[in-house]
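These notes concern the structure reproduced below.
In the numbering used here, the protein residues as written are 63 to 950.
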């Protein structure tokens with residue numbers, strides 16, 4: 063600390079104001095101009111670098127050149143001995159946070175009423191918008207706008223603090239951060255974070271935001287000013303980030319009295335998730351606010367401002383000034399990754415958002431091959447080369463990348479069909495990176511990886527309803543009734559790692575490592591969202607993407623002894639794709655949503671009735687006015703939610719935890735199962751009443767493959783139902799169960815089943831035609847399973863939605879885009895088109911799933927699965943010490 067009287071050029075230190083992550087803050091006297099100023103003395107890691115100082119000064123000049131009454135002024139920059147410092151105006155007043163009288167605490171939410179009069183709130187907002195407009199016009203973006211960074215002087219002048227905050231190079235959302243309403247700046251150089259509650263969606267995803275990101279943060283600040291409540295406040299940081307991405311702020315008309323519809327619309331326009339749908343300039347926002355004029359009736363309808371003492375209004379704010387004087391230092395620290403020795407650096411490799419399913423390094427460690435949806439809904443292969451920044455197509459459509467060998471031979475799936483998550487099914491083929499047509503090897507494969515010498519392939523495929531891992535092809539090392547994913551052979555060829563998911567509908571599961579005899583060496587705890595796995599170059603450790611719950615998707619590090627630790631936690635959640643021999647990662651950030659569209663009785667068009675971003679319809683009531691659906695967003699809890707909603711758009715009724723399976727014929731009961739190591743079968747009343755747990759018998763998991771979308775099907779008497787499930791060590795089977803009885807098997811090797819409306823027949827889908835007693839993939843069974851007959855004309859691409867009311871036909875669809883919904887006559891095999899479903903917003907649309915049709919075929923619902931990633935990025939961690947990782 064500098065003592066009072068210390069001279070820095072013409073500035074004499076008067077006393078300390080505070081310290082921050084980017085240095086120490088002092089009150090000083092400008093002896094030349096005879097005025098009080100604030101001085102920030104930079105930390106040694108910046109002051110000792112000539113490159114750092116050069117960039118620091120350049121950014122200081124850029125902010126100083128703004129010269130706007132609503133932006134904190136920067137006066138000077140200099141060096142004295144070994145100290146580098148910046149000089150800024152000294153402010154007298156209080157921050158907007160203090161005016162809101164809300165010092166955040168982990169155990170409390172902000173007060174549910176405004177403490178700033180509405181007239182003053184709009185006045186402050188106009189000044190903030192004018193300051194932002196001036197900065198944006200010079201290409202300066204704030205990136206961390208929040209009440210703490212807005213200062214109101216004693217004469218009512220608004221000053222925006224902390225301009226020039228750099229794009230974050232490292233974002234941690236660990237346990238220490240999630241307990242706080244905000245993620246604070248770390249003290250390490252470059253570890254600069256925005257405040258979670260005010261981040262824009264693009265910041266949460268870790269994308270480089272433009273000036274419109276500031277407008278979202280502005281909207282969040284204004285929302286809090288007029289309502290007294292934060293727009294997206296939740297109990298933890300990760301829950302707040304999830305809300306910013308997927309939820310709308312509560313309606314102001316219901317949370318704040320006296321707020322006009324015009325002001326509400328302005329705030330909502332600022333808070334649009336898509337930057338293109340927000341105001342396009344801060345000037346436009348200021349103009350719109352000024353056009354409101356003085357809000358009528360604001361005085362009686364707004365809570366009075368709480369009076370503060372003159373001493374408090376005039377005191378120098380150490381926290382505020384520390385933030386203000388950190389501006390340019392923070393900007394440099396975020397950019398100078400090489401000089402500041404940050405823990406991680408991000409290098410974007412692509413520059414558009416798209417659905418990226420796999421990205422891998424070629425043998426040279428520089429060329430990158432990836433498969434994505436850029437045009438239409440079929441996967442296509444692209445390459446990225448150091449000498450050409452734009453992706454180049456390899457000219458292969460409907461092809462999914464699986465692996466790249468040590469000799470640059472690709473393992474791909476041809477005629478690849480997306481089946482869920484990042485999983486495709488197709489024909490395994492090999493193709494040299496240099497060109498040529500793929501040479502097909504084996505049908506029905508989902509995953510593959512090369513042996514280190516490029517001679518053999520480890521594969522994952524489904525046989526008779528069970529997933530199995532083979533290495534080499536034909537030698538079964540591991541098989542399960544759930545599903546396996548992300549197979550990776552170790553660099554020395556001695557071990558194989560993969561994810562094991564107990565249930566086919568869910569990407570929760572565990573990391574497993576086996577040796578070449580199939581012996582299990584590692585089995586981790588359960589994680590959510592397991593998508594992305596790679597060996598470190600030394601072959602003794604692995605990295606994988608996943609999380610302990612729905613919101614904390616991080617990259618973990620696992621050893622062959624079974625120890626798992628966090629390698630990198632990042633806002634937005636990283637999906638790891640590959641690791642190069644020098645330790646660089648390929649990764650992307652995922653944004654996966656489900657949009658549930660519904661057309662109710664008498665409606666002329668579809669309506670978006672999604673709830674929390676992962677909604678899927680299951681069944682309509684008889685009159686088509688009530689929809690049973692499942693909500694798979696982790697926001698509702700680890701076991702999801704069974705929900706009801708009126709097709710006219712009423713509020714959601716949450717019946718209980720679990721995944722909905724079917725609605726009883728009288729609409730009074732919802733059948734569901736609760737996920738777990740041993741799943742529970744539950745009946746929820748749709749009205750008043752108590753839930754019932756039914757006898758699960760030997761069933762361990764429900765659902766089979768669920769190609770028949772209802773998962774379960776009721777007999778018309780409402781006392782029995784049919785479903786598919788698995789017992790330990792057995793293939794999936796079809797069962798009939800009475801409400802007061804136990805499950806009874808009627809068909810083996812069954813993936814899905816549906817009961818005819820007359821209750822006489824059950825349509826069953828088998829895993830393979832060869833295992834069906836009728837000799838066909840689909841077969842009709844008597845209700846007791848005593849006899850069966852073949853059904854020809856339906857194949858694996860068909861999803862049976864329901865029977866028609868005459869019990870002669872079924873309604874079928876496939877999930878490809880555009881999705882055809884057809885009526886299939888079981889006797890003749892004739893198909894009649896009912897409708898074609900195509901999403902209104904095709905961006906990132908991968909598949910249409912969960913198509914549901916009511917008794918009236920004009921009443922229907924479906925979900926569009928949309929998957930978008932941030933640009934593919936190359937990451938380098940310098941703090942991860944292991945062989946094969948470069949240290950700079």
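No residue lacks a Cβ here, since even glycine has one placed at the ideal position from N, Cα and C.
Predicted model, so just to flag it, every value in this text is computed and none were measured.
Annotated three-state conformation of residue 642 is coil, per DSSP. Annotated as distal: residue 722 and residue 742, with beta-carbon spacing of 8 angstroms or more. For the 8 angstroms CB-CB criterion, residue 74 and residue 67 form a contact. If you draw a 10 Å sphere on the C-beta of residue 517, you find fewer than 16 other C-beta atoms in it, and that means exposed.
A distance of 8 angstroms or more separates the beta carbons of residue 348 and residue 197. Ranked by Cα distance from residue 730, the options 97, 752, 720 and 456 are led by 752.
Restricting attention to 547, 515 and 574, the CA atom closest to the CA of residue 553 is found in 515.
Closest in alpha carbon position to residue 205, among 791, 261 and 193, is 261.
Inclusion of residue 463 and residue 411 in the CB contact set at 8 angstroms is not warranted, their separation being larger than that value. With a cutoff of 8 angstroms on beta-carbon distance, residue 530 and residue 543 are scored as not near each other. The beta carbons of residue 815 and residue 847 sit no closer together than 8 angstroms. DSSP places residue 702 outside both helix and strand once states are collapsed to three, so it counts as coil. Around the beta carbon of residue 132, 16 or more other beta carbons lie within 10 angstroms, which makes this residue buried. When secondary structure is reduced to three states using DSSP, residue 659 falls in the strand class. Residue 292 is a Cβ neighbour of residue 259, given a cutoff of 8 angstroms.
Counting only the Cα atoms, residue 300 lies some 20 angstroms from residue 271. A contact between stretches requires three or more CB pairs, one per stretch, nearer than 8 angstroms, and the region 876 to 893 fails this requirement with the region 649 to 668.
When secondary structure is reduced to three states using DSSP, residue 295 falls in the coil class, being assigned neither helix nor strand. The beta carbons of residue 621 and residue 602 sit closer together than 8 angstroms.
About 19 angstroms separates the Cβ atoms of residue 701 and residue 747, ruling out a contact at the 8 angstroms cut-off. Under the three-pair Cβ rule at 8 angstroms, the region 664 to 684 counts as touching the region 907 to 924.
DSSP places residue 511 inside the beta strand (DSSP E), whose first and last residues are 501 to 512. Between the alpha carbons of residue 570 and residue 65 lies a gap of roughly 58 angstroms. Of the candidates 566, 443, 416 and 327, the residue whose Cα lies closest to the Cα of residue 485 is 566. Burial of residue 763 is indicated by the presence of at least 16 other C-beta atoms within 10 angstroms of its C-beta. Our two residues, residue 843 and residue 282, have alpha carbons roughly 59 angstroms apart in a direct line. When DSSP states are grouped into helix, strand and coil, residue 161 belongs to the helix group.
In the three-state reduction of the DSSP assignment, residue 308 falls in the helix class.
DSSP, read as helix, strand or coil, puts residue 889 in coil. In the structure shown, residue 63 falls within a coil segment according to DSSP collapsed to helix, strand and coil.
Apart from the 5 residues on each side of it in sequence, residue 827 sits with its Cβ closer than 6 angstroms to the Cβ of 769, 813, 814 and 840 in its chain, given in chain order. Between the alpha carbons of residue 216 and residue 326 lies a gap of roughly 29 angstroms.
Judged by DSSP secondary structure, residue 221 falls outside any alpha helix (DSSP H) and instead within the beta strand (DSSP E) spanning 220 to 222.
DSSP places residue 326 within a helical segment (H, G or I) once states are collapsed to three. Per DSSP, the continuous alpha helix (DSSP H) segment holding residue 274 begins and ends at 273 to 289.
Rounded to the nearest whole angstrom, the CA to CA distance from residue 163 to residue 459 is 58 angstroms.
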